[in-house]
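Read the structure below first, then the notes.
Residue numbers (this note's numbering), protein chains in the order written: chain A, 202 to 698; chain B, 150 to 637.
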């Protein structure tokens with residue numbers, strides 16, 4: 202029931218938030234806060250009150266429930282929470298609250314509809330992280346898109362029409378390929394077991410002949426890799442991130458990118474072990490190219506949000522690298538990177554959003570020497586930039602280190618090149634810090650009176666910073682949660698050599 | 150013919166009676182409202198009667214008519230669409246400075262033709278049904294002939310439709326005649342043998358050509374590429390209720406008929422016919438979507454999008470065969486229902502904000518609708534998302550069904566074309582949605598005829614509810630369609 206409760210709270214919370222605008226313009230955000238807190242409370246209570254059981258299906262599940270939905274195609278509402286899902290659910294709800302904090306004062310127009318979309322996006326993501334019926338999974342996969350499209354299209358910045366359209370087209374078209382691949386799997390199940398099924402555990406039994414397996418695997422891969430994104434399919438991301446309002450960027454970078462990685466770990470590699478194993482060297486090469494190329498491109502940006510967006514693609518390369526190493530180190534590293542990058546990139550986008558709200562520009566050329574004027578904001582920027590670079594003691598270091606450690610065992614060349622990305626990351630990050638926060642103060646004169654962090658902002662940053670320190674100092678508490686699930690997934694077969 | 154058999158024809162009789170009664174009422178006194186109510190009531194009665202007519206097995210009523218679960222399903226969809234269009238027509242035509250009543254008579258007779266088309270497997274009845282529908286459509290397309298503003302468009306559209314429709318009917322008729330010359334029967338019969346080995350001295354290519362002629366004629370009416378040239382002009386020129394009727398009832402009846410023809414005649418045993426169908430489907434998906442890209446007139450845009458949708462449909466039609474677990478029939482039926490709902494919704498919104506004096510069919514008319522009239526914008530958005538095949542709507546499941554049928558038939562190239570086409574399609578549907586989201590500088594009100602009427606709003610609500618309900622819990626409908634398909 203936990204999953205149902207989470208999704209229901211968010212869906213209805215969204216609807217109520219929209220409706221409550223009629224009463225008072227401040228009501229929607231209060232309703233949104235309440236429903237996010239309620240769902241977070243539900244999840245936390247659930248975490249502490251129950252322990253995972255080993256189910257027949259294999260793996261270790263906190264919950265595994267199923268209701269009939271569309272019997273004609275053997276589709277059921279099959280949902281499950283294991284360690285991997287649980288970590289990502291926690292991240293989702295946490296960043297949902299952060300996004301709310303980012304939107305709290307920024308969104309002044311059509312507030313009700315905004316919080317409706319925000320909550321529905323989060324509800325869709327919760328569904329994605331828990332659905333184990335592939336049809337249901339695809340359903341949520343698409344459901345989370347529309348509200349995000351609306352968030353970008355309505356509350357975005359100057360070039361929002363283009364960005365929103367591009368975001369939607371990329372994810373939709375790759376999504377259709379995913380749907381096609383899912384359907385082919387289901388049809389193969391029909392041929393082999395004479396009934397349609399979209400059940401994750403049923404589909405593991407389908408035997409797929411060689412070449413077809415590669416094609417279906419590619420369908421899954423493209424669907425998920427567009428969302429991740431990988432090098433080559435990433436061009437929607439800088440536009441979408443830079444044009445979205447702050448809360449949208451926070452959710453996009455913090456949560457939506459992770460759904461792609463989650464799909465790869467949960468579905469692509471376990472369902473197509475042989476094809477994925479053959480494909481792993483290509484995927485790891487793409488990862489290494491992406492890490493280096495996007496780090497280099499990030500260096501060339503003037504728009505601060507575009508810069509962070511490109512660094513996101515670069516960091517996601519480590520996730521891809523870790524996943525396709527397909528050993529425990531690599532997977533743990535990928536998951537840790539997902540969590541840590543979720544926090545650090547969300548914080549960085551929020552900082553960029555904060556700067557834009559204060560100075561109405563995202564152009565780094567126009568903003569220099571901010572430390573004198575905004576000491577607290579600048580200190581936070583330094584902290585999260587250093588975290589993103591991979592400073593030991595903070596979460597991102599653990600993630601990237603484990604990814605590289607795992608990848609080194611399976612593909613040395615790609616790993617060595619990927620590790621160079623850490624150097625480039627240090628270069629562009631320190632360059633940004635130096636340019637924007639040190640030196641002579643220079644800001645657009647009409648906004649010179651901008652103040653430092655507000656209380657809400659400070660609270661959000663403090664929470665995220667605490668999370669990163671926790672991940673960096675005592676990662677074991679996260680590694681323990683996901684270990685059994687990852688071992689189970691790994692036992693199903695996959696990449697590496 | 151026994152009374153039991155006559156009872157099976159009750160829906161057809163009721164529709165005929167509706168037309169006659171409306172005509173008699175008009176002869177006594179012209180009242181727009183009364184004509185509309187009589188038509189809606191009559192068609193609703195026919196819809197209700199379908200429930201009692203639904204046979205447990207196929208019923209042959211003379212060789213000419215055939216009633217089975219399939220025909221009842223499509224009759225229901227057609228009647229539902231026609232009733233809605235009749236309701237939407239009232240506010241649309243209320244300001245017309247001309248007689249409005251005849252439109253409803255034409256509508257009833259056209260419905261009769263459509264019903265005949267879906268309940269037979271006989272060439273003569275097919276042809277009669279097709280012509281009844283077409284002839285009424287000429288009238289409906291040209292209806293606001295004496296309208297002061299832009300009166301030339303309906304006439305031009307009607308003539309265009311008349312000429313091309315007659316031409317396609319000619320093709321069909323010629324094909325039928327050639328087939329009859331060799332097979333000696335006008336029933337849809339299994340042509341599998343003839344298409345593979347020929348009959349006696351007549352080679353198979355003769356039969357292939359006959360069938361292709363008939364299929365070509367049908368493709369004209371379904372506006373599949375390359376027989377689509379009439380579509381945008383007719384859609385644009387016709388008054389909105391006629392456009393909606395053409396887009397829903399006209400397409401559904403024709404597609405259902407084509408499906409029955411393909412299934413009964415086992416056309417798909419022949420490689421050449423399959424190849425031609427594949428070409429038509431691929432071209433329709435690509436050209437339909439590409440040509441829709443830059444349209445700024447919503448009627449033209451929807452016409453091109455309907456070409457693409459019919460292209461998707463052909464993928465499913467190509468998997469219609471008699472094997473027990475074929476998804477083809479189900480996919481086609483489900484998709485047509487979905488298509489009817491979303492087209493009606495989209496045209497319904499347009500009809501509600503238009504009237505016969507001024508049609509609001511430009512994208513610009515809908516700019517900022519989200520903030521001016523959220524309810525209509527919500528309906529329109531849902532319909533467009535459904536047309537684009539986004540989950541939570543019936544359009545997504547329709548597309549899912551077609552994908553499933555295509556995978557089953559291993560039509561990989563066509564499925565990839567469909568993915569590309571849908572991607573292009575998204576672009577123009579989203580363009581409209583984005584336009585509705587973009588606020589206008591000045592708060593321009595939508596001055597409309599029908600906005601105050603309650604009934605059309607209720608209908609839109611019903612359509613929206615069906616769209617979402619069947620998009621989220623389609624289980625019952627799918628089971629029912631599966632039964633129907635297995636009984637076919």
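C-beta atoms are modelled at their ideal positions from N, C-alpha and C, and glycine is treated no differently.
- For the region 467–500 of chain B, the set of positions with a beta-carbon nearer than 9 Å to some beta-carbon of chain A reads 474 and 479 in chain order.
- Judged by DSSP in its simplified three-state form, residue 533/A adopts helix.
- Checking the DSSP bridge columns, you'll see residue 280/A partnered with 266/A and 332/A.
- The Cβ-Cβ distance between residue 234/B and residue 393/B falls below 8 Å.
- A buried status is given to residue 229/A, since no fewer than 16 other beta-carbon atoms sit within 10 Å of its beta-carbon.
- The count of Cβ pairs closer than 8 Å, one atom from the region 336–350 of chain B and one from the region 308–327 of chain B, stays below three, leaving the stretches out of contact.
- The region 610–618 of chain B and the region 523–541 of chain B touch, with no fewer than 3 CB-CB distances between them shorter than 8 Å.
- According to DSSP, residue pairing for residue 351/B in a beta bridge involves 348/B.
- In this structure, DSSP gives residue 408/B a helical state, which the three-state scheme calls helix.
- In the displayed model, residue 504/A falls within a strand according to three-state DSSP.
- Neighbours of residue 631/B in chain A, taken as residues at a C-beta separation under 9 Å, are given in chain order as 273.
- Of all alpha-carbon atoms in 320/B, 489/B and 353/B, the one lying nearest the alpha-carbon of residue 331/B is that of 353/B.
- In the structure shown, the three-state DSSP call for residue 227/A is coil.
- Between residue 537/A and residue 596/A, the gap from beta carbon to beta carbon is short of 8 Å.
- Within the region 351–374 of chain A, 351, 354, 355, 362, 365, 366, 369, 370, 373 and 374 place their CB atoms closer than 8 Å to a CB of chain B, listed in sequence order.
- Rounded to whole angstroms, residue 419/B and residue 467/B show a C-alpha spacing of 11 Å.
- Contacts with chain B (Cβ-Cβ distance below 8 Å) from the region 607–629 of chain A involve no residue at all.
- Less than 8 Å separates the beta-carbon of residue 374/A from that of residue 572/B.
- Assignment of alpha helix (DSSP H) within the region 429–480 of chain A, counting only whole runs of 4 or more residues, yields 437–444, 447–452 and 458–464 in chain order.
- By the neighbour-count criterion, in which 16 or more other beta carbons inside 10 Å mark a residue as buried, residue 394/A falls on the exposed side.
- A direct Cα-Cα distance of roughly 46 Å separates residue 558/B from residue 509/A.
- Between residue 224/B and residue 190/B, the C-beta gap is not smaller than 8 Å, which leaves the two residues out of contact.
- Contact of residue 413/A with chain B is not assigned, every C-beta pair being separated by 8 Å or more.
- Rounded to the nearest whole angstrom, the CA to CA distance from residue 374/B to residue 430/B is 8 Å.
- Cβ atoms of residue 289/B and residue 252/B come within 8 Å of each other, at about 7 Å.
- Classified as buried, residue 404/A has 16 or more neighbouring CB atoms from the shown chains inside 10 Å of its CB.
- In the DSSP annotation of this structure, the continuous segment of the beta strand (DSSP E) that includes residue 214/B starts and ends at 214–216.
- The beta carbon of residue 247/A sits closer than 7 Å to those of 203, all from its chain and outside the five residues before and after it, given in chain order.
- Using a Cβ distance threshold of 8 Å, residue 564/A and residue 504/A count as a contacting pair.
- Close partners of residue 572/B in chain A (Cβ separation under 8 Å): 370, 373, 374 and 377.
- Here residue 534/A has 523, 600, 603, 604 and 607 as same chain residues with Cβ atoms under 6 Å from its own Cβ, once five neighbours each way along the sequence are excluded.
- Counting only Cβ-Cβ distances below 9 Å, residue 222/A has no contacts in chain B at all, with the closest Cβ about 11 Å away.
- When C-alpha distances from residue 435/A are compared across 487/A, 686/A and 669/A, the shortest belongs to 487/A.
- Against chain B, the CB of residue 232/A has no partner CB under 8 Å away; the residue lies outside that interface.
- Residue pairing of residue 643/A in beta bridges, as defined by DSSP: 569/A.
- In the same chain as residue 445/A, and ignoring 5 residues on each side of it, the C-beta atoms closer than 7 Å to its own belong to 352, 353, 357 and 453, in chain order.
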